[in-house]
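With the numbering used here applied, the sequence shown has no gaps in its numbers, which climb one by one up to 265 at the end. We put the CB at the ideal spot given by N, CA and C, even for glycine. Keep in mind that this is a model prediction, so the values were computed, not measured. Below: one structure, written as structure tokens.
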Amino acid sequence: MEPAYRTILFDLDGTLIDHFEAICRSLAFTLRQFGLAEPTMAEVRRAVGLGLEHAFRQLVGEENAEIVDRAVPVYREYFARTMLDDVVLLPGALELLGDLKARGIRAAILTNKHGPSSREIADHLGLTPFLVAVIGAQDTPWHKPDARLTAHALAAVGGDVASSLFVGDSPYDVQAAHNGGIPCWVVTTGTHTADELRAAGADAVHDDLASIGRSLFASA
């Protein structure tokens, strides 16, 4: 029996990788340069998901919003030098991507993380051979959950709405998928609980990537 999905778009942070140590360290370094308090890991987890500028606005507050445009390049320079120090694959990532490729299913990354950084990370962790594309921030004019980004990604990898799936870990991923007309399965390895993800309308909630794989291939 043919698998139900022929194209699967994956979020990156919290879905395929754990990069929170490096992100938290880089945000703390940047905020120190502006005399602001370092964020806690919990604060960082709550702030991420809609792009770097949004994360800074969440962390510095309205009273310091004017520093965001100056803070972003400071972060990017520091992050570019140190981002590979604390990045790890989440359990089951390589195995799932390997199974997808072996079955002829297209897999791609669609993330609000900086596109060039995302591709460097994918290379570093050995993901690239299993992917047909890595699309991130600054690669297009859009961010998740904009429907135009989802449509662009599907067109770029040769996918179609009828046979595509989004796999992510946040309500933003659910919105991006549904705005683009495709279902979204989520894992609870990122920044949101199962209850939060169900409330956001996720089509299926899984504990991890291994559970995603079992569900994908159960009837294939």
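- Annotation: the continuous beta strand (DSSP E) that includes Phe55 extends over Thr52 to Phe55.
- Nearest to Gly213 by C-alpha distance, out of Thr156, Arg115, Ser162 and Glu66, is Thr156.
- Leu95 carries a coil assignment under DSSP once its states are collapsed to helix, strand and coil.
- With contact defined as three or more Cβ pairs closer than 8 Å, the segment 160-168 and the segment 191-200 are not in contact.
- At the C-beta level, Phe211 and Asp56 come within 9 Å of one another.
- Ranked by Cα distance from Phe124, the options Leu72, Val105 and Ala167 are led by Leu72.
- Scanning the segment 121-179 from its first residue to its last, the whole alpha helix (DSSP H) runs of 4-plus residues come out as 138-147 and 160-169.
- Annotation: Asn224 to Val202 spans about 18 Å, alpha carbon to alpha carbon.
- Distance between Ala182 and Glu88, taken at the CA atoms: about 22 Å.
- Sequence-distant partners of Ile112 (beyond 5 residues in either direction) whose C-beta falls short of 7 Å from its own C-beta, in its chain, are Phe79 and Val105.
- Inter-residue distance for Leu172 and Leu142 is about 8 Å (C-alpha atoms, whole angstroms).
- The beta carbon of Pro84 sits closer than 8 Å to those of Cys69, Leu72, Ala73, Leu76, Ala92 and Leu104, all from its chain and outside the five residues before and after it, given in chain order.
- Cβ neighbours of Gly96 within its own chain (closer than 7 Å, five residues either side excluded): Asn157, Ala182 and His188.
- The Cβ atoms of His64 and Val132 lie closer than 9 Å to each other.
- The secondary-structure analysis by DSSP pairs Ser260 with nothing; it has no beta-bridge partner.
- Note: Phe211 is bridge-paired with Leu54 and Cys229 in the DSSP secondary-structure output.
- Short of 6 Å from the beta carbon of Lys146, and not among the five residues preceding or following it, lie these beta carbons of its own chain, in chain order: Phe175.
- Taking every protein chain shown into account, the CB of Pro190 has 16 or more other CB atoms within 10 angstroms, so this residue is buried.
- Counting along the chain, Val206 sits inside no alpha helix (DSSP H), nor does DSSP assign it H or E at all.
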